Amino acid sequence: MAKRRRFTPEFKAEVVLEALCGESSQAELCRKHNISDVQLSKWKRQLLENAATLFEAADKQTNASAERIAQLEQLVGKLTLELDIQKKVSTLLS
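Following this note's numbering, the numbering of the sequence shown begins with 91 at its first residue and continues without gaps.
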(Lines of atoms letter the chains of each structure in order from A and count residues from 1; the text may use other names and numbers.)
(Lines give C-alpha, C1' and ligand atoms only; values in the text may rest on other atoms or scores of the structure.)
Protein backbone atom coordinates (compact mmCIF):
# COMPACT_ATOMS: atom_id res chain seq x y z
CA MET A 1 0.00 0.00 0.00
CA ALA A 2 1.41 3.36 -1.03
CA LYS A 3 1.84 6.12 1.50
CA ARG A 4 0.10 9.41 0.89
CA ARG A 5 2.39 12.28 0.16
CA ARG A 6 2.06 15.41 2.23
CA PHE A 7 2.74 18.80 0.72
CA THR A 8 3.69 21.87 2.72
CA PRO A 9 1.60 25.00 2.39
CA GLU A 10 4.67 26.74 0.96
CA PHE A 11 5.00 24.13 -1.79
CA LYS A 12 1.29 24.37 -2.64
CA ALA A 13 1.47 28.16 -2.82
CA GLU A 14 4.55 28.04 -5.02
CA VAL A 15 2.96 25.61 -7.49
CA VAL A 16 -0.35 27.48 -7.62
CA LEU A 17 1.38 30.81 -8.17
CA GLU A 18 3.38 29.24 -11.01
CA ALA A 19 0.10 28.03 -12.52
CA LEU A 20 -1.60 31.41 -12.14
CA CYS A 21 1.33 33.24 -13.73
CA GLY A 22 0.71 31.25 -16.90
CA GLU A 23 4.34 30.80 -17.87
CA SER A 24 3.85 27.02 -17.98
CA SER A 25 0.76 25.02 -18.75
CA GLN A 26 -1.02 23.16 -15.98
CA ALA A 27 0.01 19.84 -17.53
CA GLU A 28 3.68 20.90 -17.57
CA LEU A 29 3.55 21.95 -13.93
CA CYS A 30 1.92 18.66 -12.95
CA ARG A 31 4.66 16.68 -14.68
CA LYS A 32 7.38 18.91 -13.26
CA HIS A 33 6.16 18.56 -9.66
CA ASN A 34 4.79 15.01 -10.04
CA ILE A 35 1.25 15.88 -8.97
CA SER A 36 -2.11 15.18 -10.57
CA ASP A 37 -4.06 17.69 -12.61
CA VAL A 38 -6.99 17.30 -10.22
CA GLN A 39 -4.78 18.10 -7.23
CA LEU A 40 -3.46 21.28 -8.81
CA SER A 41 -6.97 22.37 -9.75
CA LYS A 42 -8.10 21.77 -6.16
CA TRP A 43 -5.24 23.89 -4.78
CA LYS A 44 -6.00 26.70 -7.23
CA ARG A 45 -9.68 26.67 -6.28
CA GLN A 46 -8.79 26.72 -2.56
CA LEU A 47 -6.48 29.68 -3.05
CA LEU A 48 -9.00 31.65 -5.06
CA GLU A 49 -11.86 30.89 -2.63
CA ASN A 50 -9.81 31.84 0.43
CA ALA A 51 -7.84 34.78 -0.94
CA ALA A 52 -10.07 37.38 0.77
CA THR A 53 -9.70 35.71 4.16
CA LEU A 54 -5.94 36.22 4.03
CA PHE A 55 -6.48 39.93 4.48
CA GLU A 56 -9.29 39.52 7.02
CA ALA A 57 -7.10 37.41 9.25
CA ALA A 58 -4.54 40.18 9.57
CA ASP A 59 -7.24 42.72 10.45
CA LYS A 60 -8.86 40.41 13.01
CA GLN A 61 -5.49 39.62 14.54
CA THR A 62 -4.71 43.33 14.83
CA ASN A 63 -8.06 43.99 16.51
CA ALA A 64 -7.61 41.04 18.86
CA SER A 65 -4.11 42.24 19.74
CA ALA A 66 -5.37 45.75 20.44
CA GLU A 67 -8.11 44.41 22.71
CA ARG A 68 -5.61 42.21 24.56
CA ILE A 69 -3.22 45.14 25.01
CA ALA A 70 -6.06 47.28 26.42
CA GLN A 71 -6.96 44.51 28.89
CA LEU A 72 -3.35 44.15 30.00
CA GLU A 73 -2.93 47.92 30.42
CA GLN A 74 -6.06 47.98 32.54
CA LEU A 75 -4.70 45.13 34.67
CA VAL A 76 -1.35 46.91 35.10
CA GLY A 77 -3.16 50.05 36.23
CA LYS A 78 -5.19 48.09 38.76
CA LEU A 79 -2.14 46.28 40.13
CA THR A 80 -0.20 49.55 40.36
CA LEU A 81 -3.02 51.09 42.34
CA GLU A 82 -3.16 48.09 44.70
CA LEU A 83 0.60 48.23 45.20
CA ASP A 84 0.46 51.95 46.04
CA ILE A 85 -2.26 51.27 48.60
CA GLN A 86 -0.25 48.48 50.18
CA LYS A 87 2.84 50.71 50.37
CA LYS A 88 0.85 53.47 52.12
CA VAL A 89 -0.68 51.00 54.58
CA SER A 90 2.76 49.54 55.24
CA THR A 91 4.26 52.96 56.03
CA LEU A 92 1.32 53.85 58.29
CA LEU A 93 1.65 50.60 60.27
CA SER A 94 5.39 50.89 60.65
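The beta carbon of each residue, even a glycine, is placed where N, CA and C say it ideally should be.
Values in this document were obtained by computation on a predicted structure and should not be read as measured data.
Opening and closing residue of the alpha helix (DSSP H) in which residue i lies
i           : result
residue 113 : Where residue 113 is concerned, there is no enclosing alpha helix (DSSP H), given that its DSSP letter is neither H nor E.
Reduced DSSP secondary structure (H/G/I, E/B, other) of residue i
i           : result
residue 92  : coil
residue 124 : coil
residue 97  : coil
residue 184 : coil
Pick from the options that is closest to residue i, judged by C-alpha positions
i           : options            : result
residue 94  : 105, 129, 106, 181 : 129
residue 127 : 176, 154, 109      : 109
residue 141 : 116, 106, 161      : 106
residue 102 : 92, 120, 112       : 120
Would you call the segment 136-147 and the segment 157-172 in contact, with 3 or more CB pairs under 8 Å? no
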